[in-house]
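Numbering (this note's numbering), first residue to last: 224 to 622. Note that CB positions come from ideal geometry on N, CA and C, so glycine has one too. Notes to accompany the following structure.
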């Protein structure tokens with residue numbers, strides 16, 4: 224362990240951190256189409272032979288909130304380790320995200336609202352919004368974040384909007400929009416900045432307002448660029464992560480990072496509150512790749528893995544995967560795992576449906592996938608009933 228890691232460990236031990244809690248997702252089933260019977264045949268093929276088990280990879284994750292000096296939620300991200308235990312992904316969350324559109328009978332509680340009710344509520348709210356579970360949930364202060372990011376050093380960022388903090392009710396520009404070189408302390412200050420006043424005041428001062436979590440994404444993008452292929456934090460390359468934000472960050476910074484925002488739609492409630500509704504399709508696309516074990520099925524139906532591996536520069540595998548996720552969700556089928564990695568031999572001409580659970584009824588796939596061929600799996604993936612490898616026959620439906 225490096226001296227910097229020791230200092231960060233001592234600092235985060237005294238922080239207000241809620242860790243070690245896996246938040247189970249409890250989502251009511253909304254449909255029953257394409258349902259299957261789960262029985263003792265799962266894990267066996269049609270002949271009753273036991274299949275080799277190939278579980279989805281372990282990818283520990285951590286929901287990290289950053290509190291302002293006034294103890295308000297300033298930014299939030301989901302950090303996920305890669306299967307190698309070095310590096311991983313950062314997914315930013317809009318603080319005004321809610322799990323449902325508000326109605327006369329349903330009040331929308333945003334992630335920021337839940338944070339004000341307590342740290343545990345923060346974790347449950349994020350779980351409800353995303354339909355993704357977390358291994359750890361932590362909240363750190365500005366000074367704690369600065370020590371956690373100490374190994375990163377100075378990074379180049381390009382902010383889409385001014386970072387504004389609330390200083391006794393007066394707007395205080397922490398970092399101006401545009402390119403800037405930020406030291407670790409300035410990075411932490413920007414990620415812990417909150418403007419709690421009226422947005423109209425900022426407009427009068429000609430300050431650019433960020434859309435949801437744009438600045439958070441830009442700041443973490445700078446961190447990812449700053450560490451390149453990863454830092455030598457002294458942490459072991461392992462997915463066996465003891466509880467603690469410092470230990471998790473040691474492994475995360477040990478390898479390359481990818482940073483991503485989730486697609487969302489901003490609406491205004493009847494009482495004038497701005498709320499972000501996150502795209503469920505984008506949640507599945509992103510977390511189905513980085514942490515498939517954490518994606519909770521939301522339908523009382525079968526669960527599938529979708530593989531889109533076109534080796535064609537004119538084809539966006541992510542875009543095709545999004546369209547397929549939409550179609551399958553419309554057909555009341557859960558997508559819990561996704562791959563958009565290019566396959567060297569490209570995608571098949573005809574879509575393949577690899578059956579893992581022999582009780583799966585594929586009769587309803589025709590209208591969703593077009594032409595496909597059904598094959599029996601030679602291995603078992605716990606939690607997955609079938610693997611759909613998208614071919615040209617299905618892509619033709621999407622044009």
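If I'm right that residue i touches residue j with Cβ under 8 Å, what's the distance once you round it to whole angstroms?
| i | j | result |
| --- | --- | --- |
| residue 310 | residue 480 | 6 Å |
| residue 526 | residue 559 | 5 Å |
| residue 577 | residue 544 | Rounded, the Cβ-Cβ distance is 17 Å, inconsistent with contact. |
| residue 449 | residue 386 | Going by Cβ atoms, the distance from residue 449 to residue 386 rounds to 18 Å, so no, they are not a contact pair. |
| residue 458 | residue 477 | 5 Å |
| residue 462 | residue 575 | With 8 Å as the limit, residue 462 and residue 575 do not qualify as a contact, their Cβ atoms being about 30 Å apart. |
| residue 322 | residue 351 | 4 Å |
| residue 510 | residue 362 | About 21 Å; that fails the 8 Å criterion. |
| residue 437 | residue 402 | Actually they do not touch by this definition, with Cβ atoms about 15 Å apart. |
| residue 318 | residue 300 | With a Cβ gap of about 11 Å, residue 318 and residue 300 do not count as contacting. |
| residue 320 | residue 487 | 7 Å |
Can you pull the DSSP bridge partners for residue i?
| i | result |
| --- | --- |
| residue 448 | DSSP, once it has assigned bridges, lists no residue as partnering residue 448. |
| residue 499 | 320, 489 |
| residue 526 | 557 |
| residue 379 | 404 |
| residue 562 | 530 |
| residue 275 | 602 |
| residue 574 | 595 |
| residue 396 | 387 |
| residue 362 | 288 |
From the options, pick the residue whose C-alpha is nearest to that of residue i; which is it?
| i | options | result |
| --- | --- | --- |
| residue 566 | 538, 580, 546 | 538 |
| residue 499 | 445, 333, 519 | 333 |
| residue 359 | 410, 385, 303, 298 | 303 |
| residue 588 | 386, 541, 365, 612 | 612 |
| residue 275 | 615, 620, 603 | 603 |
| residue 326 | 583, 543, 490, 382 | 490 |
| residue 372 | 470, 461, 523 | 470 |
| residue 579 | 595, 557, 568, 605 | 605 |
| residue 369 | 312, 406, 487 | 406 |
| residue 412 | 418, 384, 366 | 366 |
| residue 453 | 297, 295, 597, 312 | 312 |
| residue 294 | 392, 378, 415 | 415 |
| residue 409 | 355, 378, 306 | 378 |
| residue 390 | 464, 607, 291, 468 | 291 |
| residue 548 | 492, 618, 569, 494 | 618 |
If you reduce the DSSP assignment to three classes, tell me which class residue i lands in.
| i | result |
| --- | --- |
| residue 615 | helix |
| residue 607 | coil |
| residue 595 | strand |
| residue 620 | helix |
| residue 388 | strand |
| residue 579 | coil |
| residue 260 | In this prediction, residue 260 has a pLDDT of 28, which is less than 50 and means its spatial position is unreliable; nothing more can be read from the coordinates. |
| residue 548 | helix |
| residue 539 | coil |
| residue 303 | strand |
| residue 585 | coil |
| residue 353 | helix |
| residue 265 | With a pLDDT of only 42 at residue 265, under the threshold of 50, the placement of this residue in the model should not be trusted; the figure read from the coordinates follows. Coil, per DSSP. |
| residue 326 | coil |
| residue 234 | Caution is warranted here: a pLDDT of 37 is assigned to residue 234, below 50, making its placement in the model unreliable, and the coordinate value is therefore given only provisionally. Helix. |
| residue 248 | Caution is warranted here: a pLDDT of 30 is assigned to residue 248, below 50, making its placement in the model unreliable, and the coordinate value is therefore given only provisionally. Residue state, collapsed to three classes: coil. |
| residue 344 | helix |
| residue 229 | Residue placement at residue 229 is poorly supported in this model, since its pLDDT is 44, which falls under 50; the coordinates still yield a value, given next. Note: residue 229 maps to helix in three-state DSSP. |
| residue 293 | coil |
| residue 288 | strand |
| residue 282 | coil |
| residue 508 | helix |
| residue 311 | strand |
Under 8 Å between the Cβ atoms of residue i and residue j?
| i | j | result |
| --- | --- | --- |
| residue 388 | residue 380 | no |
| residue 512 | residue 563 | yes |
| residue 443 | residue 482 | yes |
| residue 284 | residue 555 | no |
| residue 614 | residue 572 | yes |
| residue 337 | residue 316 | no |
| residue 550 | residue 591 | yes |
| residue 620 | residue 561 | no |
| residue 597 | residue 616 | no |
| residue 501 | residue 475 | no |
| residue 514 | residue 557 | no |
| residue 324 | residue 335 | no |
| residue 394 | residue 426 | no |
| residue 519 | residue 417 | no |
So, does the CB of residue i fall closer than 8 Å to a CB anywhere in chain D?
| i | result |
| --- | --- |
| residue 334 | Protein chain content of the structure displayed is limited to a single chain, and chain D is not contained in it. |
Please indicate yes or no: does the CB of residue i lie closer than 7 Å to some heavy atom of the ligand ATP?
| i | result |
| --- | --- |
| residue 408 | This structure does not include the ligand ATP; it has no bound ligands of any sort. |
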